[in-house]
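What follows is a short report on a single structure.
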Amino acid sequence: MANEKELMDVFGKIENDVTGVIATAVVDLESGMTLAAKSNRPEFDLAVASAYNSELVKQKMKIMRALNLKSTLEDMLLTLSDQFHLIRFLPGGTSFLYLAADRSGTNLAILRNSVGKHVAALS
Numbered sequence: 044m045a046n047e048k049e050l051m052d053v054f055g056k057i058e059n060d061v062t063g064v065i066a067t068a069v070v071d072l073e074s075g076m077t078l079a080a081k082s083n084r085p086e087f088d089l090a091v092a093s094a095y096n097s098e099l100v101k102q103k104m105k106i107m108r109a110l111n112l113k114s115t116l117e118d119m120l121l122t123l124s125d126q127f128h129l130i131r132f133l134p135g136g137t138s139f140l141y142l143a144a145d146r147s148g149t150n151l152a153i154l155r156n157s158v159g160k161h162v163a164a165l166s
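Quick note: the sequence shown, position 79, residue 122 per our numbering, numbers continuous.
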């Protein structure tokens, strides 16, 4: 697992590539605890988002087991009317990057490309 400085560097690189980033966090899947976080909006509670997104990911994995799917979960995209929320697993599979972005100012293809590139660099 990367240290907090390396994770904050990744957050900065993603923000350099993508406009409209609201908040970014790295979350421990099992506990839902935020391991590193950066928010551009003080009212966006990353601790709450991290905990609930951890539960969301665990439920998706439970569904995959119930369906006997042999695939690996790479990422999850939630599209809200005004935001994108992207969850991307970090190398090792015990934590994930969670990113929220303003939909009106963000190109989804660039967002996914940037997150994938910078997350891969953590391995």
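The C-beta atom is built at its ideal place from N, Cα and C for all residues, glycine as well.
Return yes when the Cβ of residue j is within less than 8 Å of the Cβ of residue i, no when it is not.
{"i": "residue 47", "j": "residue 79", "result": "yes"}
{"i": "residue 154", "j": "residue 132", "result": "no"}
{"i": "residue 53", "j": "residue 144", "result": "no"}
{"i": "residue 98", "j": "residue 75", "result": "yes"}
Beta-carbon within less than 7 Å of residue i's beta-carbon, same chain only, minus the 5 sequence neighbours each way: which residues are those?
{"i": "residue 96", "result": "70, 130 and 141"}
From residue i to residue j, what does the alpha carbon distance come to, in whole angstroms?
{"i": "residue 149", "j": "residue 156", "result": "12 Å"}
{"i": "residue 83", "j": "residue 111", "result": "40 Å"}
{"i": "residue 68", "j": "residue 81", "result": "6 Å"}
{"i": "residue 160", "j": "residue 57", "result": "9 Å"}
{"i": "residue 64", "j": "residue 113", "result": "33 Å"}
{"i": "residue 123", "j": "residue 104", "result": "22 Å"}
{"i": "residue 92", "j": "residue 59", "result": "23 Å"}
{"i": "residue 151", "j": "residue 44", "result": "27 Å"}
The beta strand (DSSP E) spanning residue i covers which residue range?
{"i": "residue 81", "result": "77 to 82"}
{"i": "residue 93", "result": "First-last for residue 93: 89 to 109, but that is the alpha helix (DSSP H), not the beta strand (DSSP E)."}
{"i": "residue 68", "result": "64 to 71"}
{"i": "residue 142", "result": "138 to 145"}
Over the uninterrupted alpha helix (DSSP H) stretch that includes residue i, give me the two end residues.
{"i": "residue 60", "result": "47 to 60"}
Please list, in chain order, all residues of the same chain as residue i whose beta carbon is under 8 Å from its beta carbon, the five residues on each side excluded.
{"i": "residue 100", "result": "72, 116, 119, 130 and 139"}
{"i": "residue 109", "result": "none"}
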